[in-house]
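Under the numbering used here, think of the first position of the sequence shown as 24, with each following residue one higher.
For each residue, glycine too, the CB sits at the ideal point set by N, CA and C.
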Amino acid sequence: MMDAITDPRVEKVSVMKSARVGYTKIIDHVVGYYLHQDPSPILVVQPRVEDAEDYSKSEIAPMLRDTAVLSEIAPDPKTRTGENTLLKKTMKNGASIALVGANSPGGFRRITVRIVLFDEVDGYPVGGAGSEGDQIALGTKRSETFWNRKIVSGSTPTIKGLSRIEKLYQEGDQRRFYVPCPHCGDYQVLEWGGKDVTHGIKWDKDEQGQALPETVHYVCKHNGCVILEQEKPELIKNGE
Ligand SMILES: [Zn+2]
């Protein structure tokens with residue numbers, strides 16, 4: 024995903040994901056990249072203003088403090104000036120980050136950015152940002168003067184047919200991550216599986232029918248090969 028985001032040929036990246044897969048960290052890394060490596064004005068849109076404040080405190084502030092190359096360009100965390108507030112930070116190299124809540128009608132005004140990161144879009148209030156309209160359209164509009172803009176949206180999908188991230192994903196080229204089975208070499212997208220299918224995550228049970236966590240393994244979709252946890256790094260490394 025991060026490779027796609029920093030690919031100059033790619034303008035839009037839409038990530039339809041499961042919960043708890045580290046997507047916030049990906050957003051952090053994208054922010055760090057566009058603050059330091061390719062200094063740009065950045066907008067991060069969270070579902071609510073409180074989410075934006077929380078994201079600033081729990082993710083952005085520690086990253087700026089603890090990453091050497093970022094702390095060098097970050098504004099002094101002890102001063103609260105126009106250059107450094109909870110929701111707006113300007114770096115010494117000219118890059119900047121603004122954070123807004125999708126529930127804030129005025130949040131998108133007076134902002135011009137190259138990088139727009141929409142987080143958890145299926146959690147945005149339905150009906151748009153007050154009377155101002157759809158938040159994704161509003162945020163995207165803030166970047167229209169940049170020929171090299173980047174629009175990144177991510178979310179766990181909610182209701183099929185109404186989900187915003189599902190719609191955005193369908194508008195894209197719908198990439199998935201294929202990994203080769205370390206035994207037969209056949210490429211596949213990893214799937215949870217389930218009781219009624221032969222592939223996916225499987226485990227043994229004891230005589231009482233209790234699951235035995237230490238027996239968990241993955242069964243290859245194509246040839247039923249057993250893939251173990253310790254083979255995972257190799258799997259991911261060879262993924263496409
Ligand atoms: Zn296999």
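Does the distance between the C-beta of His222 and the nearest non-hydrogen atom of ligand 1 fall short of 7 Å?
no
For a test of your reading of the model: does the CB of His264 fall under 7 Å from any non-hydrogen atom of ligand 1? Yes or no.
Any answer about residue 264 is impossible in this case: the structure gives the chain only from 24 up to 263.
Excluding the five sequence neighbours on either side, which residues of its own chain have a C-beta within less than 6 Å of the C-beta of Ser79, listed in chain order?
Leu109 and Leu122
Under the criterion of a Cβ to heavy atom distance below 7 Å, does Asn261 qualify as lining ligand 1?
no
Who does Pro203 pair with in a DSSP beta bridge?
Tyr210
Please report how far the alpha carbon of Arg172 lies from the alpha carbon of Asp227, in whole angstroms.
50 Å
Bridge partners for His240 per DSSP, in chain order?
Lys225
Output needed for Ile250: all residues of its chain with C-beta closer than 8 Å, excluding positions within five of it in sequence on either side, in chain order.
Cys204, Pro205, His206, His240, Tyr241, Val242, Cys243 and Leu258
Rank Val202, Arg165 and Glu237 by C-alpha distance to the C-alpha of Gly262 and give the top, closest one.
Val202
What do you reckon, is the C-beta of His52 under 7 Å from a heavy atom of ligand 1?
no
Completely contained beta strand (DSSP E) runs for the segment 122-200, where each covers 3 or more residues:
138-142 and 173-178
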